[in-house]
């Protein structure tokens, strides 16, 4: 099959067309027998001509790795709840130089948020519920409470829906729109029975679920703390407050992002990687400016590679997962493709810190072209010793993988903005026929 490549002559200026051919042509001139004059050209190789395979691989890390939570209700179709387990309670307290046992009489939960999105100027209703079945912070999802080697148990009701309400309150968020970040906190009282249930050391059913009651809201939970109220046994007239930090925190989202069909995804938590196996075409057909009137094929492997870039086009990311801050994206070699998804990766290719992409390009300003260097991966001959191109497998991943729920989205093979390989080559100019 004949496949088209878009080529631009950089010096002298002009536009050329190169066509990939899978077989050598007997009448084509032998480049090794003709005096040559070098030309620098730009070759744009479309997706179908250099990509052998694409795999979108998810499941790297856990939502518990983030160290913070997400709370949302019907935020453009996205919902989320945070689930928390507290540290064991102390058995005694130092008071006036003496150690005293404690009687817990209640407490309050303090929630701190570092990002709030929702209707302008409206308070957001929050609910606290006590879990009623065992759950695992590393594997919990909206549908599944535990998903370990020895146990896979679904929630009795999705999203820990069978949890029992233990407290509620309204968060005064001072919102100014659905894209504005703000800091806000709330304190919600809980009774002694709830405190006693959460203090059950070693109980995997112990836990608290934080949920929003108002639609079109999304909050990032930065911190949660249980403040116990207790009476020292040696002084019944005194009430002390004892802060209890979180021992496990995770979140559940609905719907879970599914594996993309025909497009690329990078980032999120659990994290996604886009893995591409590519192979360069060995020959392209040159135009009159390069080959003369007789025409010719030239080997890319006999050219000097000055620059190689992967060009990706951004697309709008699903609601609830759209980036709100710039995302840095790296390319790394996959050292053992047969071992995916657990293959080790090489060092970053191109910029060590990755390419920084602004969040607007995954929303209303989708369609932006982003350039990733592949020069170090594809570096080949300067013309003295042609090489045979082998397949290269690399992964696109977040530079700070596991640091955010948000992910990047790029067009794939099923869209006009498909990935393109850009090559800047120095190639020989053939003798021109009269």
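Numbering (the numbering used here), first residue to last: 76 to 509.
Don't be surprised by glycine CBs; every beta carbon is placed ideally from N, CA and C.
- Counting the other CB atoms within 10 Å of its CB gives residue 258 a total below 16, which places it among the exposed residues.
- For residue 417, the number of other beta carbons within 10 angstroms of its own is below 16, and it is reported as exposed.
- Going by C-alpha positions, residue 224 is about 11 Å away from residue 214.
- Here residue 489 is exposed. Its C-beta has fewer than 16 other C-beta atoms within 10 Å.
- At a cut-off of 4 residues, the continuous stretches assigned as alpha helix (DSSP H) that sit fully inside the stretch 350-416 are 363-366.
- Nearest Cα to residue 483 within the set 160, 405, 495 and 189: 405.
- DSSP places residue 267 inside the alpha helix (DSSP H), whose first and last residues are 267-273.
- For residue 122, the enclosing alpha helix (DSSP H) starts and ends at 122-125.
- Residue 158 has its alpha-carbon roughly 35 Å from the corresponding atom of residue 469.
- Going by C-alpha positions, residue 354 is about 14 Å away from residue 374.
- Selection 301, 400, 156 and 166 evaluated against residue 270 yields 301 as nearest (Cα-Cα).
- As the crow flies, the alpha-carbon of residue 298 is around 16 Å from that of residue 155.
- With respect to the C-alpha of residue 393, the residue from 434, 413, 369 and 289 having the closest C-alpha is 434.
- Per the C-alpha coordinates, the member of 115, 287 and 177 positioned closest to residue 186 is 287.
- Between residue 232 and residue 390, the CB-CB gap reaches or exceeds 9 Å.
- Residue pairing by DSSP puts residue 283 in a beta bridge opposite 159 and 205.
- Looking from the CA of residue 411, the closest CA among 179, 206, 329 and 352 belongs to 352.
- For residue 467, DSSP records a beta bridge to 353.
- Straight-line spacing of the CA atoms in residue 421 and residue 451 works out to 12 Å.
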